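Peer 1: Numbering (the working numbering), first residue to last: 167 to 487.
Every residue, glycine too, gets a C-beta built ideally from N, C-alpha and C.
Note that the structure is predicted; figures quoted are calculated from it, not measured.
One structure is given below, represented as structure tokens, and several questions about it will come after.
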Amino acid sequence: MPGAPLSLPEREEIALALIEDRTVAWAVIARRVDRHPTTISREVTLNGGRYRYRPAVAQRAGDMARRRHRPRRLQADGPLRDRVTAELRLGRSPVAIWADLVADDVTGRVCAESIYAAVYAGALDVSPTECLRSRRPRRRRRQARHPSTRPALPNIAARPAAVGDRSEAGHWEADQIIGARNQSSMLWLTERVSRYSIPVTMPEGYNAEAMLGGLVEGLDRIPPHLLRSITFDQGSEWAQWPTIAATYGIDAWFCDPHSPWQRGQIENLNRQWRWWFPRGMRLDNVDPAHADHVAGVINGQRRRSLDYHSPAALYAALTVH
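Next comes the structure, spelled out in structure tokens:
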């Protein structure tokens, strides 16, 4: 429980100690007013510091802060608190409890976030590990989102019509599947007209430098006349795309943020790859020959979208220069 707030005489004693010695230790002042050193440090730091601390100003600030503070509604409202606590013990989520309160038109109801806050603050007679799905004793701090400083990327909307309607071969899409514990991956390149896929195993992970090497390995397996463009999602692993575009003389395009589905064909193929390489599987020990075998099986299947031709057959025809 927090201690009693500092009084004006205590604040005046703190100010006197600072006037006598601006470098005095917090522990020395704490002994003079019978408080914890942390209390003194926080009080002075929040109210101007050692050279600008004023007891009357600090007292007014403290009084205003206490007036702003209101007890949680779940603490003040006994019947509401009892109902929420009982429903939490029955295994109901805060969102479901809030929905019931709204449906029942309960006076003074609280939102789901208030219920979460009360549980984690210990304001209810039930602990987070007993009633919340996460079973976490403490709430995880949410990381603030900072605006991206990355320059604008070539947007998928600017791709030529021939790319979108698949009337021109040589336009590729890149994607990857991630291995166990996010420690390895496998890159897949898929040609849009034929739906032909090329795998590249990446046992060293998938940071930007590793992905550059994987892209070079994959693109080197493609005839130059079938290299016109490549489309990525907005992942940071593709950060070396300018090097790829300059080296191979191709265009690069990017999906909108949080919209990898804009590479429709490769998102559909992802399910086929995952049949062979399930989530949670280690990919750092996958033999490249096995990855090529899997690609051969997938590329060799006739598809309705290709008028029952196989990607392998169509790609073979495209490679004839």
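So, with DSSP's three-state summary, where would you put L480?
Peer 2: Walking along the sequence shown from the start, residue 480 turns up at place 314. Helix.
Peer 1: Give every residue of the same chain whose Cβ lies closer than 6 angstroms to the Cβ of R325, excluding the five residues on either side of it in the sequence, and list them in chain order.
Peer 2: On the sequence shown, position 159 is the one that residue 325 refers to. Excluding sequence neighbours, R325 sits near W419.
Peer 1: Taking Cβ to Cβ, would you say T488 is nearer than 8 angstroms to L435?
Peer 2: Since the first residue shown for the chain is 167 and the last is 487, residue 488 is missing from the structure and cannot be characterised.
Peer 1: Roughly how many angstroms separate the alpha carbons of P477 and R469, rounded to a whole number?
Peer 2: Within the sequence shown, residue 477 is the residue found at index 311, counting from 1. Within the sequence shown, residue 469 is the residue found at index 303, counting from 1. One C-alpha to the other measures close to 8 angstroms.
Peer 1: May I ask you to verify whether the region 216 to 226 touches the region 244 to 261, counting CB pairs closer than 8 angstroms and requiring at least 3?
Peer 2: no
Peer 1: Report the three-state DSSP secondary structure of E370 (helix, strand or coil).
Peer 2: Along the sequence shown, one-based indexing puts residue 370 at 204. In this structure, E370 counts as coil in the three-state DSSP scheme.
Peer 1: Tell me the start and end of each unbroken beta strand (DSSP E) in the region 299 to 355 that is at least 3 residues and wholly inside, in chain order.
Peer 2: Entirely contained in the region 299 to 355, the beta strand (DSSP E) runs reaching 3 residues are, in chain order, 337 to 344.
Peer 1: Which residue or residues does DSSP assign as beta-bridge partners of H475?
Peer 2: Position 309 of the sequence shown, counted from the start, is the residue given in the question as residue 475. Paired residue(s): R469.
Peer 1: Can you find the residues in the same chain that come closer than 7 angstroms, C-beta to C-beta, to W488, ignoring five residues on each side of it along the sequence?
Peer 2: A question about residue 488 goes unanswered here, because the residues of the chain that appear run from 167 up to 487.
Peer 1: Along the beta strand (DSSP E) that carries I396, what are the first and last residues, could you check?
Peer 2: The residue you call residue 396 lines up with position 230 of the sequence shown. Per DSSP, I396 belongs to the beta strand (DSSP E) from 395 to 398.
Peer 1: Since I believe I185 is in contact with I206 (beta carbons under 8 angstroms), could you give me their beta-carbon distance rounded to a whole number of angstroms?
Peer 2: Mapped onto the sequence shown, residue 206 falls at position 40. Mapped onto the sequence shown, residue 185 falls at position 19. Not really, about 15 angstroms apart at Cβ, beyond 8 angstroms.
Peer 1: Are V452 and M352 touching if we call contact CB-CB under 8 angstroms?
Peer 2: Taking the sequence shown and counting its residues from 1, the one referred to as residue 452 is at position 286. Taking the sequence shown and counting its residues from 1, the one referred to as residue 352 is at position 186. Yes.
Peer 1: Is P365 helix, strand or coil when you go by DSSP?
Peer 2: As a working mapping, residue 365 is identified with position 199 in the sequence shown. Three-state result, P365: strand.
Peer 1: I need the DSSP call for I416, collapsed to helix, strand or coil.
Peer 2: Here the question's residue 416 lines up with position 250 in the sequence shown. Looking at I416 - three-state DSSP - the assignment turns out to be coil, as it is neither helix nor strand.
Peer 1: Go to T211, then tell me how far its alpha helix (DSSP H) extends in each direction, as first and last residue.
Peer 2: Taking the sequence shown and counting its residues from 1, one reaches residue 211 at position 45. For T211, the enclosing alpha helix (DSSP H) stretches over residues 203 to 212.
Peer 1: Is it right to say H459 is buried, meaning 16 or more other beta carbons lie within 10 angstroms of its own, or is it exposed?
Peer 2: For the purposes of this step, residue 459 is taken as residue 293 along the sequence shown, with counting starting at 1. H459 is exposed by the Cβ-count criterion.
Peer 1: Can you tell me the Cα-Cα spacing of S395 and G336, whole angstroms?
Peer 2: Reading the sequence shown from its first residue, position 229 is the one you call residue 395. Reading the sequence shown from its first residue, position 170 is the one you call residue 336. About 7 angstroms.
Peer 1: Out of W192, L290, R232, state which residue places its alpha-carbon closest to the alpha-carbon of P171.
Peer 2: The residue labelled residue 171 in the question sits at position 5 within the sequence shown. Checking every option, the nearest Cα to that of P171 belongs to R232.
Peer 1: Within 7 angstroms: the Cβ of D399 and any heavy atom of the ligand ZN?
Peer 2: Annotation note on the ligand ZN: not contained in the displayed structure, which lists no ligands.
Peer 1: Cα separation between D473 and A479?
Peer 2: In the sequence shown, counting from the first residue as 1, residue 473 sits at position 307. In the sequence shown, counting from the first residue as 1, residue 479 sits at position 313. Going by the C-alpha atoms only, they are around 12 angstroms apart.
Peer 1: Would you give the residue range spanned by the alpha helix (DSSP H) that T295 belongs to?
Peer 2: In the sequence shown, the residue the question calls residue 295 occupies position 129. Looking at the DSSP string, the run of the alpha helix (DSSP H) that includes T295 is 294 to 297.
Peer 1: Quick check for students: name the residue ranges of the beta strand (DSSP E) that lie wholly in the region 243 to 290, counting only runs of 3 or more.
Peer 2: none
Peer 1: Around the Cβ of A327, are there at least 16 other Cβ atoms within 10 angstroms (buried) or fewer (exposed)?
Peer 2: As a working note, residue 327 is residue 161 in the sequence shown. It is exposed - the Cβ of A327 has fewer than 16 other Cβ atoms within 10 Å.
Peer 1: Can you tell me the Cα-Cα spacing of L449 and A483, whole angstroms?
Peer 2: As a first step, residue 449 is located in the sequence shown; it is residue number 283 there, counting from the start. As a first step, residue 483 is located in the sequence shown; it is residue number 317 there, counting from the start. Each residue's Cα considered, the two are about 32 angstroms apart.
Peer 1: Can you give me the Cβ contacts of Q431 inside the same chain, cut-off strictly under 8 angstroms, excluding the 5 residues immediately before and after it?
Peer 2: As a working note, residue 431 is residue 265 in the sequence shown. Taken in chain order, the residues that qualify are E339, T356, R358, R361.
Peer 1: Report the option in V276, D200, W192, A283 whose CA atom is closest to the CA atom of R216.
Peer 2: Translated into the one-based positions of the sequence shown, residue 216 becomes position 50. The candidate whose alpha carbon is nearest that of R216 is W192.
Peer 1: List the residues that DSSP assigns as beta-bridge partners of E357.
Peer 2: One-based indexing of the sequence shown puts residue 357 at position 191. Note: E357 sits in a beta bridge opposite W338.
Peer 1: Considering only the alpha carbon of each residue, which of Y286, A376, H391 lies closest to W407?
Peer 2: Working through the sequence shown from its first residue, we reach residue 407 at position 241. Residue A376 is the option with its Cα nearest to W407.
Peer 1: Buried or exposed: V276, going by 16 or more other Cβ atoms within 10 Å of its Cβ?
Peer 2: Your numbering for residue 276 matches position 110 in the sequence shown. Label assigned to V276: buried.
Peer 1: Near A196, which residues of its chain fall below 8 angstroms by C-beta distance, leaving aside the five closest residues on each side in sequence?
Peer 2: As a working note, residue 196 is residue 30 in the sequence shown. If we look at A196 and ignore the five residues flanking it on each side, its Cβ neighbours are H202, P203, T205, I206.
Peer 1: Could you check the C-alpha separation between I188 and M230 for me, to the nearest Å?
Peer 2: Here residue 188 refers to the residue found at position 22 when the sequence shown is read from its first residue. Here residue 230 refers to the residue found at position 64 when the sequence shown is read from its first residue. According to the sequence shown, residue 188 is Arg rather than Ile. Using only the alpha carbons, I get a separation of about 27 angstroms.
Peer 1: On the CB-based measure, 16 or more other CB atoms within 10 Å of its CB, does G380 come out buried or exposed?
Peer 2: On the sequence shown, position 214 is the one that residue 380 refers to. The residue is buried, with at least 16 neighbouring Cβ atoms inside 10 Å.
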